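**Student:** Residue numbers (this note's numbering), protein chains in the order written: chain A, 1 to 297; chain B, 1001 to 1219; chain C, 2001 to 2670. Below is a structure I'd like to ask you about.
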Amino acid sequence: MAKPFREILKTKDFVVTAEAGPVKGSNVSKAIEHIELLKDKVDGLNVTDNQSSVMRYPSLGVCLLIKEHGGEPVLQVTCRDRNRLAIQADLLFAYSRGISNILCLTGDSIDVGDHKEAKQVFDLDSVQLIHLVHTMNSGKDMAGNELDGGIDFCIGTTATPSADPLEPQLIKVEKKLKAGVSFIQTQAVYELDELKRFTEFVRNIDGKVKILAGIVPVIGAKMAAYMNENVPGVFIPQHLIDELAQAPKGTGVAKGIEIAARMIKQIKEEKVCDGVHIMFIGREEKVPEILEAAGLS
Amino acid sequence: MIIAERKPMEEIMRMLAPYKKVLVAGCGTCVTVCWVGGEKEVAILASELKLARSAEGNEIVTLEATVERQCEREMVAEIKDKVAEVEAVLSLACGSGVQTMAEMFEDKPVFPAVNTTFIGMPEKEGLWVEMCGACGDCFLDRTGGICPVVRCAKGLLNGPCGGTRKGGKCEIDPEKDCAWVLIYRRLEKQGRLDLMRNYYPPKNYRAVKRPGKVQAAKA
Amino acid sequence: METKIGVFLCNCGGAIKNIDFDAVVKNVAEFPGVTCVNLSSNLCLEEGKEKMISCIKGENIEKVVVAACSPEFQEHIFREVLEKAGLNGHLLSMANIREQCSWAHDGDVTVKAVELVKMAINRVRLLQPVEKKELPVNREVLVVGGGFSAINTALQLSRVGLRTTILEKETALGDGPRELESFYGFDTGSVISAVEGDENIEVLTSAQMMTVEGKIGDFSVRIRKNGEEILRKYGAIVLATGYQTELALDSELKSGLNIMSQEQFCRMLGNSSLETEPKSIGFMFDFSDENSRFPTLATLNNALTAKKKWGSEIYIFYKSVKVDSEGMEKLYQEARDCGVVFLKSEVPPRITVEDGLVNIKAKDVFLGEDIILACDVLVAEELYLPAEETGNLSSLLNIRRDSGGFYQDENVHLYPVGSERKGIFFIGGCRGDLDLGRVLTDISSVVMNVYELLSSGKIMVEIERVKADPQKCVACLTCIRVCPHGAIQLVRVDSGKEVAGISDLACYACGICAAICPAKAIKFQGYGDDEILAQIEALGESLHGRNVAFCCEHSAYPAADLAGKLSLHYPENLRIIQVPCAGQVDVFHILKALEKGAAAVLVLGCEDGACHHITGNTRAKERVKYCDMLLKEVKEESRPVAMFNLSPNAPHKFVRAVNEITKRIEESGR
């Protein structure tokens, strides 16, 4: 039985979380494979929610599986697909089944996904969602009604340290901190200085929140260039692109893992922040390699 | 004002396929200003229809009329004689105009030739951009006069989202500005960034219960 | 009551041989409204004209069609005839049965001649009188700027009796660059005294233009001077705001006591209390900008002056020396004779500063080796840029600039000193023209233009030739934004409503506004939608075998005439409709022609960058593209719509265009 994430955050020096992405379909065998592989190696296992606006097996479903297999799930909830009623109902259900960690996100827009004509809900935004969880944590729903059986979630959210321009993003991070979050899992970072500046900014407002740096291995120079151009909030510096370009053919994945591990080591050694959140969607089976290379297993 | 865009010709042709005599009806207000449904466009569309149907070997006869405001029963009534002569009406007005026409002439099929898209203004000659979503709960006082409901692609009240692209462009369309970056810049210029630091609770999406109705308070 | 139309045919002294005029007369006489048809052999001569006048008077003719040579040639003559006969000169429509009919095709062209006359008759029926009136104009001129160009312009304007205001933003006149005074023998100082003493000239210093409204003859200018606002009115505005320079060097090098601009060097030369005279001086020019006449002149002049004054060693680094101005070759020779050293290199020299000296390193083309010189002073190459306020003034006045940011738009019809708006002119450095000799000539040009416009205090204009109907106008602001000549403003009419108001003084009658008006509210006498439609419909059923060509009166129409004069033949089934500008042809006109049965539609306008109305040909191109796309959508590609650009002296291009379309129709098997 895994230790509650909430407690790990309070006590452990360097927290490690990873992400598992559900498949498109009701076949949960792969999910279970990933859960078995990772559940004991990480402190918390996030499950994405219709990531990139592509319809998939729900985050809630895989979180239940994680629970069943003895892991510690972090339920990712976006505001894109559900209105406030649906979200509140889902949280009641999740909590009743032992899930007690939530990551609050706005969500990608419908246009990047595969159901491009769907209605975007966005009844709430991520800040409002954080407030919502607090309200429910205190025993009431959004309309002020008493709950017969409340919830108690450990609340986290995301942030984008490489946003350009950065100031508007920071204003939003401040709002999230003021609303009250226990942990932040950032978007992918590749530059320590950027991460350090971000951490300093957060610490000035909230000394207790745990910051987990987002680690997304890049497996080739072309992928890096593509991400720089097309993935908002990601900036891979030229020297890393060069390093990737020089890697011999066929060794891209290994190089990506090497770079990621190197970053994790540095973050840990220099105590830049409180841990890392590893996102290697589609290659979840490689996450243990990263952990090993970073000396975290 | 209300901005509309002409429907693809193919769609219009499909709508009018069974009819041989049609009135092409324009509106002299919003759709004239956005170059889509005024007297000029009525004449052009009528020509296009005639050419297209002639090419198919299925000739069509068109009448033309432009009403000052198609969303006014009295003004629409002025063209009733022309409507009486035709089998169907093709309206270039916004949805409000089309429906008024349809209501006034219930025995005639009335078809929309344009897609009503948004309330907007001309950024420059020939280019209209969305400004207002008619949400019924105006937020502009808190965002320096920039609407987050329609100019933010996700309608966030506590923006921006994490997806802002380099240089302050929107996650969804790199040609569009991130509304929240615009709001930030505007409020910064006015020394009112504290407005952006406030937490804004979830929006009342039922401010206007569709179908909307507004009763003037005084006669 | 049917309008009484008189048709006058001319066989040009018998020169038109391939038209059966009897048949034409017989045919034409049948048309509704045609009261009389006359055939003459010399309509444009006194005898012919007299006969025309008596016929018009005798038969109470109300509108006139003349079927003869090209209107480009004789239209004004026949308008005068109408006036003499008591009719408004605009009630005339001409059918070009000579250059564009008889001379353009082989064999008998009677059928075409009849159709052309029919088109003219249909059109003339709709023509309305256009009155002429003299409108008063303000005779005062505003000159913006206070340098060489501005003050000389003001002086010359004063000499022709026009009161002028010089508006200078600095505290004194003549503050600008004065590099070449000695070369040209100018003395700005004395010119300034002359200006200050001239009672026709008002000098406003520390003053700036805030807003400009109105048009030629009536510009309202808000000026801010010393914190106060003054409102003034002028008949014309001349911009002489000059230029600025930037050293063409890396930023670390720019600020150095011994690296300077030409102007700074001039001041050094003129500094009587200079402590140390530089022993060695380097100059650089022609690397960044091939348009280097002015820098070359400045360099040669200053180098020579320095050599004579200080005897310093002088090294000039250049890419090429162009001596294409009066006196330059002599100056160059003199410099060489004096011992100035010229060093040619392909790329700009590398500059470093060390121990108070400027090191210049360049690979000399002739020696094939690097030369390194340490000079006391380097007069560096400069980039010539528009003055700071150029952009702002351009927006205030609603005028375009060229790609370098200088006035004016790169349209050849505006050169040398004009803008696309009547009454606004440019002179000197603000146009990118730094050659003072040429500037002086241009000043005469400006003065002449302004004098012509304003001296009599009134301008004869056509009244309401183009007019926006206040009832139909929805104030969408499209025409105001689109008018290339800034001639339209929002005006309030009696009902209090704001509508588009087209200024008769400022309008160029191009028709671009009429074409784009989404409410069809703008009436353009003679070239409106109705008049164009009338010409198309005149052809009736026969339109099915015809290609319709909308020909711009500045380019394609004269080109077509020239084709006729040179007997360059093209297919006879072409029917030309003259338009004042290709930009006046709208999608509406093209589609109507096709709807009524035309086999193809051509739109012909001026070459790119040479539209008399700046944006007309570009707009036409977009519209033709739209029609083309539409035709493909409705599967009517066999009826081509195409745009061609040509100049008035390119008859071959005209013929080629017509032939191309004919070929396309044949190939599509229609």
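Note that CB positions come from ideal geometry on N, CA and C, so glycine has one too. Since the structure is predicted, the reported quantities are computational estimates derived from the model, not experimental observations.
#1: Does the distance from the CB of Lys-67 of chain A to the CB of Gly-98 of chain A come in under 8 Å?
#2: Which chain B residues sit within Cβ distance under 9 Å of Leu-212 of chain A?
#3: Where does Met-1013 of chain B land, buried or exposed, given buried means 16+ other C-beta within 10 angstroms?
#4: Between the Cα of Phe-2644 of chain C and those of C:Val-2634, C:Leu-2630, C:Gly-2145 and C:Val-2624, spot the shortest distance and give me the residue it belongs to.
#5: Per DSSP, what are the beta-bridge partners of Trp-1128 of chain B in this structure?
#6: Since Phe-2008 of chain C is in the beta strand (DSSP E), which residue starts that stretch and which ends it?
#7: Roughly how many whole angstroms lie between the Cα atoms of Gly-2384 of chain C and Leu-2646 of chain C?
#8: Considering only C-alpha positions, which residue in the set A:Asp-123, A:Ile-211, A:His-131 and A:Arg-262 is nearest to Arg-1206 of chain B?
#9: Report the residue from C:Val-2007, C:Ile-2016, C:His-2105 and C:His-2090 whose alpha carbon sits nearest the alpha carbon of Glu-2572 of chain C.
#10: For chain B, is any of its Cβ atoms less than 8 Å away from the one on Pro-237 of chain A?
#11: For the stretch 1060 to 1094 of chain B, which residues have a beta carbon sitting closer than 7 Å to at least one beta carbon of chain C?
#12: Arg-1151 of chain B: which of B:Glu-1085, B:Cys-1170, B:Gly-1057 and B:Ala-1179 sits nearest, CA to CA?
#13: Is the stretch 2233 to 2248 of chain C touching the stretch 2336 to 2347 of chain C in the sense that three or more CB pairs, one from each, lie closer than 8 Å?
#14: Closest to Pro-73 of chain A by CA distance: which of A:Asp-114, A:Arg-6 and A:Leu-132 is it?
#15: Taking the continuous beta strand (DSSP E) assigned at Met-2643 of chain C, which residues delimit it?
#16: In whole angstroms, give me the CA-to-CA distance for Glu-1103 of chain B and Gly-1095 of chain B.
#17: Are the stretch 2522 to 2529 of chain C and the stretch 2541 to 2550 of chain C in contact at 8 Å, needing three or more beta carbon pairs?
#18: Looking at C-alpha atoms only, which residue of A:Ala-89, A:Ile-130, A:Lys-175 and A:Asn-46 is the closest neighbour of Pro-1160 of chain B?
#19: Between Leu-2470 of chain C and chain B, is there a C-beta pair that is closer than 8 Å?
#20: What residue does the beta strand (DSSP E) around Cys-1034 of chain B start on, and which one ends it?
#21: Would you say the stretch 2133 to 2146 of chain C touches the stretch 2609 to 2622 of chain C, given that touching needs at least three Cβ pairs under 8 Å?
#22: Output, in sequence order along the chain, the residues in the stretch 1040 to 1051 of chain B whose CB is closer than 7 Å to any CB in chain C.
#23: Tell me where the beta strand (DSSP E) around Cys-2479 of chain C begins and ends.
#24: Tell me the rounded alpha-carbon separation between Leu-1187 of chain B and Arg-2481 of chain C.
#25: Should Thr-2478 of chain C be flagged as near chain B, meaning a C-beta pair shorter than 8 Å?
#26: Sort out for me which residues DSSP pairs Phe-122 of chain A with in a bridge.
#27: Using the three-state DSSP reduction, which class does Gln-76 of chain A fall into: helix, strand or coil?
#28: As a quick exercise: from B:Pro-1174, B:Ala-1134 and B:Cys-1071, pick the residue whose alpha carbon is nearest that of Thr-1029 of chain B.
#29: For Met-2268 of chain C, which residues in the same chain have their Cβ closer than 7 Å to its Cβ, ignoring the five residues on either side in sequence?
#30: In the structure shown, what three-state DSSP assignment does Ser-297 of chain A receive?
#31: Measure how close the beta-carbons of Ile-2536 of chain C and Ala-2593 of chain C come, nearest whole angstrom, since I'm counting them as under 8 Å.
#32: Using 8 Å as the threshold, is the stretch 2505 to 2518 of chain C in touch with the stretch 2580 to 2592 of chain C, meaning 3 or more CB pairs across them?
#33: On the DSSP letters alone, give me the boundaries of the beta strand (DSSP E) that Val-2066 of chain C sits inside.
#34: Any chance the stretch 1068 to 1088 of chain B sits against the stretch 1105 to 1118 of chain B, with 3 or more Cβ pairs inside 8 Å?
#35: If you scan the stretch 2233 to 2319 of chain C from start to end, which runs of the beta strand (DSSP E) of 3 or more residues do you find wholly inside it?
#36: Comparing the C-beta of Ala-1113 of chain B with each C-beta of chain C, is any distance below 8 Å?
**Tutor:** Working from what's here:
#1: In the first sequence, residue 67 of chain A corresponds to position 67, counting from 1. In the first sequence, residue 98 of chain A corresponds to position 98, counting from 1. It is a contact, given that the beta carbons lie within the stated cut-off.
#2: Your numbering for residue 212 of chain A matches position 212 in the first sequence. None at all; the shortest Cβ gap to chain B is about 15 Å.
#3: Translated into the one-based positions of the second sequence, residue 1013 of chain B becomes position 13. Met-1013 of chain B comes out buried.
#4: Translated into positions along the third sequence, residue 2644 of chain C becomes position 644. The residue with the shortest Cα to Cα distance from Phe-2644 of chain C is C:Val-2624.
#5: To locate residue 1128 of chain B, count along the second sequence from 1; it is residue 128. DSSP, once it has assigned bridges, lists B:Pro-1122 as partnering Trp-1128 of chain B.
#6: Sequence index remark: in the third sequence, residue 2008 of chain C carries index 8 (1-based). First-last of the beta strand (DSSP E) with Phe-2008 of chain C: 2005 to 2010.
#7: Counted from its first residue, the third sequence places residue 2384 of chain C at position 384. Counted from its first residue, the third sequence places residue 2646 of chain C at position 646. Contrary to the premise, residue 2384 of chain C reads as Tyr rather than Gly in this sequence. Roughly 34 Å separates the two Cα atoms.
#8: Counted from its first residue, the second sequence places residue 1206 of chain B at position 206. Looking at the Cα atoms, A:Asp-123 is the closest of the given residues.
#9: Taking the first residue of the third sequence as position 1, residue 2572 of chain C is located at position 572. The shortest Cα separation from Glu-2572 of chain C among C:Val-2007, C:Ile-2016, C:His-2105 and C:His-2090 belongs to C:His-2105.
#10: If you number the first sequence from 1, residue 237 of chain A lands on position 237. Not an interface residue.
#11: If the cut-off is 7 Å between Cβ atoms, the stretch 1060 to 1094 of chain B has nothing near chain C.
#12: In the second sequence, the residue the question calls residue 1151 of chain B occupies position 151. Among B:Glu-1085, B:Cys-1170, B:Gly-1057 and B:Ala-1179, the Cα nearest to that of Arg-1151 of chain B is on B:Ala-1179.
#13: no
#14: Along the first sequence, read from residue 1 onward, the residue named residue 73 of chain A stands at position 73. The shortest Cα separation from Pro-73 of chain A among A:Asp-114, A:Arg-6 and A:Leu-132 belongs to A:Arg-6.
#15: Here residue 2643 of chain C is taken as the residue at index 643 of the third sequence, counted from 1. Where Met-2643 of chain C is concerned, the enclosing beta strand (DSSP E) stretches over 2641 to 2645.
#16: Start at 1 with the first residue of the second sequence, and residue 1103 of chain B comes out as number 103. Start at 1 with the first residue of the second sequence, and residue 1095 of chain B comes out as number 95. Going from the Cα of Glu-1103 of chain B to the Cα of Gly-1095 of chain B covers about 12 Å.
#17: no
#18: Here residue 1160 of chain B refers to the residue found at position 160 of the second sequence. It is A:Lys-175.
#19: In the third sequence, the residue the question calls residue 2470 of chain C occupies position 470. This sequence places Pro at residue 2470 of chain C; Leu is not what is there. False, the Cβ-Cβ gap to chain B never drops below 8 Å.
#20: Position 34 of the second sequence, counted from the first residue, corresponds to residue 1034 of chain B. Premise fails: Cys-1034 of chain B is in no beta strand (DSSP E) and is neither H nor E.
#21: no
#22: Lys-1040, Glu-1041, Ala-1043, Ile-1044, Ser-1047, Glu-1048, Lys-1050 and Leu-1051
#23: Stepping through the third sequence from its first residue, residue 2479 of chain C is reached at position 479. From DSSP, Cys-2479 of chain C is part of no beta strand (DSSP E) but of the alpha helix (DSSP H) over 2478 to 2482.
#24: Mapped onto the second sequence, residue 1187 of chain B falls at position 187. Mapped onto the third sequence, residue 2481 of chain C falls at position 481. One C-alpha to the other measures close to 30 Å.
#25: For this step, residue 2478 of chain C is matched to residue 478 along the third sequence. It does; some Cβ of chain B falls within 8 Å.
#26: What you label residue 122 of chain A is simply residue 122 of the first sequence in a count that begins at 1. Beta-bridge pairing links Phe-122 of chain A to no other residue.
#27: Residue mapping note: residue 76 of chain A aligns to position 76 of the first sequence, counting from 1. Strand, per DSSP.
#28: Your numbering for residue 1029 of chain B matches position 29 in the second sequence. Nearest option by C-alpha distance: B:Cys-1071.
#29: By 1-based counting over the third sequence, the position of residue 2268 of chain C is 268. Only Leu-2274 meet the Cβ criterion.
#30: Here residue 297 of chain A refers to the residue found at position 297 when the first sequence is read from its first residue. Assignment of Ser-297 of chain A by DSSP, reduced to helix, strand and coil, places it in the coil class.
#31: Against the third sequence, residue 2536 of chain C aligns to sequence position 536. Against the third sequence, residue 2593 of chain C aligns to sequence position 593. Sure, about 5 Å apart at Cβ, within 8 Å.
#32: Between the stretch 2505 to 2518 of chain C and the stretch 2580 to 2592 of chain C there are three or more C-beta pairs closer than 8 Å, enough to call the two in contact.
#33: Translated into the one-based positions of the third sequence, residue 2066 of chain C becomes position 66. Residues 2063 to 2068.
#34: yes
#35: Complete beta strand (DSSP E) runs here, min 3: 2236 to 2239, 2243 to 2247, 2280 to 2285 and 2313 to 2318.
#36: The residue labelled residue 1113 of chain B in the question sits at position 113 within the second sequence. It does not: the Cβ of Ala-1113 of chain B has no partner Cβ on chain C nearer than 8 Å.
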